[in-house]
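Q: Count along the sequence shown starting at 1, add 312, and that's the number in the numbering used here. Where a beta carbon is used, it is the ideal one built from N, C-alpha and C, also for glycine. From a predicted model like this one, the values you see are computed outputs, not experimental measurements. This is the structure I have questions about; it appears just below.
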Amino acid sequence: MTQAENPQVDAPNEDEYDFRRLESKWRPIWDELDLFNVDKADPELPRKYVLDMFPYPSGDLHMGHAEQYALGDAVARFWRHRGFNVLHPIGWDSFGLPAENAAIKNGGDPKDWTYNNIAQQRDSMRRYGASFDWSRVLHTSDPEYYRWNQWLFQQMYKRGLAYRKESFVNWDPVDQTVLANEQVLADGTSERSGAIVVKKKLTQWYLRITDYADRLLDDLDQLEGRWPAKVLTMQRNWIGRSYGADVQFQIEGRDEPVTVFTTRPDTLHGATFMVVAPESDLAAELAAGASADVRMKFQDYLQQTQAMGSIDRQSADREKTGIFLERYGINPLNGDRLPIWTSDYVLADYGHGAIMAVPAHDQRDLDFARAFDLPVRMVVDVTQGPDAPTDTDGNAIALADLDPAASGEALTGDGTLINSGELDGLSKDAAIAKAIEILAARGTGTAATNYRLRDWLISRQRYWGTPIPVMYDEDGNEVLVPEDQLPVRLPDGEGLDLKPKGSSPLGAATEWKTTQTPDGKPAVRDTDTMDTFVDSSWYFLRFISPNNHEAAFDPEELAKWAPVDQYIGGVEHAILHLLYARFITKVLYDLGYVNFTEPFTALLNQGMVVLEGAKMSKSKGNFIKLSDELGEHGVDAVRTTMLFASPPEEDVDWATVSVAGSGKFLARAWRLAKDVTSAPGVDVAGGDVALRRAVAKVLAEVPQLGETFKYNVIIARLMELTNVTRKAIDSGVGAADPAVREAVEVIAMMLDLFAPYVAEDMWQLLGHETPVAFAQWPTAEAALLVADQVTAIVQVNGKLRDKVEVAPSISDAELEQLALAADGAKRAIGDGDVVKVIVKAPKFVNIVVKG
């Protein structure tokens, strides 16, 4: 249906711009036309998949949403105007703790809170005019969606990538649930509740993301120049690949050796003690064989450690604490007996949970050694290294004057090995290779690679999430729920006690958790639910065929659309979500379900919307309500302001912008459309040349600006063109001139990027019957981009004295004569003698004068 065929659409008679009228007029028309359903588009058009990170339904849309969806919509609309069929879907990341906590606070079922908020956000998004394909909406809390979460889990289980084990985990004492490492903030607090995260030993489900560590790291090279450099660095640092050696230390009185990972096996001769993490199984085992006094102290120390965040434990400023476990390890290179301590500065999930301490060359080891009067032995002569220390006068400092035991400063630089037997005199790299060679020959060590990345812990002790599709028989054996019984649906949450209690509320759903194995034997369901990051790790694939009940995604549709061409969202997801989505994509590639290894070809991070330089907060009283801004200024003005305020990646300070100014600009543009009197399709070749040149300049410049997201510059160019067009109308060119129609049509088409209501109404006022969203931008005429005249600068002795307008084809000799005759040049020359004239036609002349 065209706009002309819709009886609701009559050419407006109102003479004044009114954003409320335009919004109430066009929104129902757009809804009825279902404009952005990609299945209705020409199948022969080239395709683009533009995706905004989908929202969590915690309430109505806020200012951050306004920026993100203005930006994402501009990207989608830009590519439609460039001739692409653009898939631009929307949905809701609708499982998670906020809904559950709200239900606990207010009573009821998390489902009701969730879907009421979705309805509110959906209505606000439609008002906001974003060009979403509303036929593909998904909610991750729908059984039709989380069925495929369960399917994905089972595929990974069958491949050995999903497993269950007992270990120390991050525990949120407020929300009473475990957290993945990535969900613990830098200060050791939970990103969910803000509480200090503690360690707790539980049996949980994990996904083997570490099996993909090398690929996750190496494949970042594919994204260079397409993803922000900051995000790539954050991912590389989080994966944290380091090379070194696994070294076997024999423990006196213990049959099995202890493995220690070190990046510096060359410094083994400098090891004077060992340290094990308090929460490790090894520490508990060694403490159990110690005296009663040490056993008691160890238990107290373990409780203290578990109440601390990992970031705080590793702080260089903290006083070092620890307990000697009354046991010794044997250095595999020199046979030294090394006392074994436990200390909270060593983490159980780094390496193997035990370290060899080389205090002369590691600051934390040195601080510990000085605190407990342990030996310090130098094995690297840093005065022989490339960064040898010097005094304030630049003189070399003797090694004897750098004794760490006395100075308290560890020697961390490179140099040559000393006090190290066969390694003496070798450089760092040569010594590392030699040390590994010796260890391998003795069977006490091998070259090894270590990662900061740990397997993804997905178990959650809460109700509002995807049930884990596993049951346990009477012997405790794991049994997958048969695939034809998926989804395992959540029971009704209305009658459950959802309050955090350290175990899942589903444990109390007796009828739900009681089931049978496929062969009819009694069984109980797993009562934990999945981390909601599982939901968002593959949702971009489900958008491609969200209504397919036979598969998670249709292979034919996948081949048409995936991977995502442009992903847009906040940098706060730089590690968590993006890392998990990359991991799941690689798993699906290995399983043969997708033919690409990276989910998002290009990534754009938008900044934040702040107020007077500070993050908005209701509690601090510096909060701007989006609905108030939309009510006062209108959708188009808010969207235009968001994109005009700054480049996308920078913050928008709402205290410094003028939404009213944006509204005035849009009103000026709208009035242009009312003034045009020429008919659609008129031949513009005979139109005003100056105006046509201004239009051509915009047409030539804006496509590149759009591809590089410089929407603030595009808006500035449209403001300039609007002013030029108004002057042309008012100064005698006249509203009937074909060049005026050409200019106003271009303004309307480009305004559609960020002011769709105004653009659509202008397009109709100009006499068009089809929506402006699909109008293809014309190409600038080359002849109009060639200037009839250019401005030549005339200098005398390097100082600007005049300007002359000349033809681009002017010769050097002709330009010289014009410059010498220019009034400004003649006054500057006066009675002086011209000794030289430097000419660079057609833009520059410098006259050199003496006297």
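Determine the direct distance from the alpha carbon of L1011 to that of P1050, and round the result to whole angstroms.
A: Taking the sequence shown and counting its residues from 1, one reaches residue 1050 at position 738. Taking the sequence shown and counting its residues from 1, one reaches residue 1011 at position 699. If I take the Cα positions, the gap works out to 17 Å.
Q: Smallest Cα separation from T839: which of D965, W342 and L810?
A: Position 527 of the sequence shown, counted from the first residue, corresponds to residue 839. Answer by Cα proximity: L810.
Q: Three-state secondary structure (DSSP) at E591?
A: Numbered from its first residue, the sequence shown carries residue 591 at position 279. Residue state, collapsed to three classes: coil.
Q: Buried or exposed: which applies to G408, given that a residue is buried once 16 or more other Cβ atoms fall within 10 Å of its Cβ?
A: To locate residue 408, count along the sequence shown from 1; it is residue 96. G408 comes out buried.
Q: Closest to I875 by CA distance: which of P911, S848, A864 and A1119 is it?
A: Looking up residue 875 in the sequence shown gives position 563. What sits at residue 875 in the sequence shown is Pro, not Ile. P875 has its Cα closest to that of P911, out of P911, S848, A864 and A1119.
Q: Just grab the DSSP bridge partners of F912 for me.
A: For the purposes of this step, residue 912 is identified with residue 600 of the sequence shown, where counting begins at 1. Per DSSP, V876.
Q: Does the beta-carbon of A753 have 16 or more other beta-carbons within 10 angstroms, so that it is buried, or is it exposed?
A: Indexing the sequence shown from 1 puts residue 753 at position 441. Exposed, because fewer than 16 other Cβ atoms sit within 10 Å of the Cβ of A753.
Q: Once you ignore the five residues that flank Q616 on each side, which residues in its own chain have a CB closer than 6 Å to its CB?
A: Counting from 1 along the sequence shown, the entry for residue 616 is found at position 304. So the list is empty, once near-sequence residues are dropped.
Q: With respect to the beta strand (DSSP E) encompassing Q488, which residues constitute its N-terminal and C-terminal limits?
A: The residue you call residue 488 lines up with position 176 of the sequence shown. Per DSSP, Q488 belongs to no beta strand (DSSP E) and is neither H nor E.
Q: Decide yes or no for the touch test of the region 547 to 556 against the region 567 to 581: beta carbon pairs closer than 8 Å, at least 3 of them.
A: yes
Q: Excluding five sequence neighbours on each side, which residues of the same chain lie with their C-beta closer than 6 Å to the C-beta of L853?
A: Here residue 853 refers to the residue found at position 541 of the sequence shown. Only F865 meet the Cβ criterion.
Q: So, are the CB atoms of A431 and P422 less than 9 Å apart?
A: Within the sequence shown, residue 431 is the residue found at index 119, counting from 1. Within the sequence shown, residue 422 is the residue found at index 110, counting from 1. Result no, Cβ atoms of A431 and P422 do not sit closer than 9 Å.
Q: Taking only the alpha-carbon atoms, compute the straight-line gap between T989 and V1045 and give it to the nearest angstrom.
A: What you label residue 989 is simply residue 677 of the sequence shown in a count that begins at 1. What you label residue 1045 is simply residue 733 of the sequence shown in a count that begins at 1. One C-alpha to the other measures close to 12 Å.
Q: For the region 1115 to 1131 against the region 1076 to 1092, are there 3 or more C-beta pairs whose distance is under 8 Å?
A: no
Q: DSSP on P410, reduced to helix/strand/coil?
A: Taking the first residue of the sequence shown as 1, we reach residue 410 at position 98. Three-state DSSP puts P410 in a helix.
Q: Counting along the chain, where does the alpha helix (DSSP H) carrying I936 start and finish?
A: On the sequence shown, residue 936 is found 624 positions in, with the first residue counted as 1. Per DSSP, I936 belongs to no alpha helix (DSSP H) and is neither H nor E.
Q: Give me the residue from N917, W391 and A442 with the minimum Cα distance to R339.
A: Mapped onto the sequence shown, residue 339 falls at position 27. Measuring from the Cα of R339, the nearest candidate turns out to be A442.
Q: Find out if the Cβ-Cβ distance for the pair F331, V947 is shorter than 9 Å.
A: Looking up residue 331 in the sequence shown gives position 19. Looking up residue 947 in the sequence shown gives position 635. By the CB criterion at 9 Å, F331 and V947 fall inside the cutoff.
Q: According to DSSP, is G1163 helix, strand or coil?
A: As a working mapping, residue 1163 is identified with position 851 in the sequence shown. G1163: coil per DSSP, three-state reduction.
Q: Check the DSSP bridge columns for T571 and list the partner residues they point to.
A: Start at 1 with the first residue of the sequence shown, and residue 571 comes out as number 259. In the DSSP output, where bridge partners are listed per residue, T571 has Q560.
Q: Could you have a look at P867 and say whether DSSP puts it in helix, strand or coil?
A: In the sequence shown, the residue the question calls residue 867 occupies position 555. Under the three-state reduction of DSSP, P867 is assigned to helix.
Q: Does the Cβ of E806 have 16 or more other Cβ atoms within 10 Å, making it buried, or fewer, making it exposed?
A: Here residue 806 is taken as the residue at index 494 of the sequence shown, counted from 1. Under this definition E806 is an exposed residue.
Q: When the distance is taken between beta carbons, is I1027 closer than 9 Å to F956?
A: The residue you call residue 956 lines up with position 644 of the sequence shown. The residue you call residue 1027 lines up with position 715 of the sequence shown. Against a cut-off of 9 Å, the Cβ pair of I1027 and F956 comes out as a contact.
Q: If the criterion is Cβ atoms closer than 9 Å, does the pair Q1167 and Q547 meet it?
A: Since the first and last residues shown for the chain are 313 and 1163, residue 1167 lies out of range.
Q: Report yes or no: do the region 842 to 858 and the region 450 to 459 share at least 3 C-beta pairs separated by less than 8 Å?
A: yes
Q: Do L942 and V1070 count as a contact pair if the criterion is CB distance below 9 Å?
A: Residue numbering aside, residue 1070 sits at position 758 when the sequence shown is read from its first letter. Residue numbering aside, residue 942 sits at position 630 when the sequence shown is read from its first letter. When the beta-carbon positions are compared, V1070 and L942 stay at least 9 Å from each other.
Q: R837 by DSSP, collapsed to three states: which one?
A: As a working note, residue 837 is residue 525 in the sequence shown. Strand at R837.
Q: Please list the segments of the alpha helix (DSSP H) lying wholly inside the region 738 to 817, counting only runs of 4 or more residues, in order along the chain.
A: Taking 4 residues as the shortest admissible run, the region 738 to 817 contains the following complete alpha helix (DSSP H) segments, listed from N- to C-terminal end: 740 to 754.
Q: Which residue or residues does DSSP assign as beta-bridge partners of W483?
A: Numbered from its first residue, the sequence shown carries residue 483 at position 171. Answer is V490 and V510, bridged to W483.
Q: The alpha helix (DSSP H) spanning P1050 covers which residue range?
A: For the purposes of this step, residue 1050 is identified with residue 738 of the sequence shown, where counting begins at 1. First-last of the alpha helix (DSSP H) with P1050: P1050 to L1063.
Q: Here's the rule: buried if 16 or more other CB atoms are within 10 angstroms of the residue's CB, otherwise exposed. What is A323?
A: Against the sequence shown, residue 323 aligns to sequence position 11. With a pLDDT of 47 at A323, under the threshold of 50, the predicted position of this residue should be treated as unreliable, though the coordinate-derived value follows. By the neighbour-count rule (16 or more Cβ atoms within 10 Å), A323 is not buried but exposed.
Q: So, helix, strand or coil for A1067, using DSSP?
A: As a first step, residue 1067 must be located in the sequence shown, where it is residue number 755. It is coil, neither helix nor strand.
Q: Please confirm if the region 367 to 385 is in contact with the region 1095 to 1109, defined as three or more CB-CB distances below 8 Å between the two stretches.
A: no
Q: Between which residues of its own chain and V996 is the CB-CB distance below 8 Å, once the five residues before and five after are set aside?
A: Along the sequence shown, read from residue 1 onward, the residue named residue 996 stands at position 684. These residues qualify, in order along the chain: R1004, P1050, A1051, R1053 and E1054.
Q: Under 8 Å: do the region 599 to 616 and the region 750 to 765 share three or more Cβ pairs, one atom per stretch?
A: no
Q: Quick check: what's the CA-CA separation for N482 versus Y763?
A: Taking the sequence shown and counting its residues from 1, the one referred to as residue 482 is at position 170. Taking the sequence shown and counting its residues from 1, the one referred to as residue 763 is at position 451. Each residue's alpha carbon lies about 18 Å from the other.
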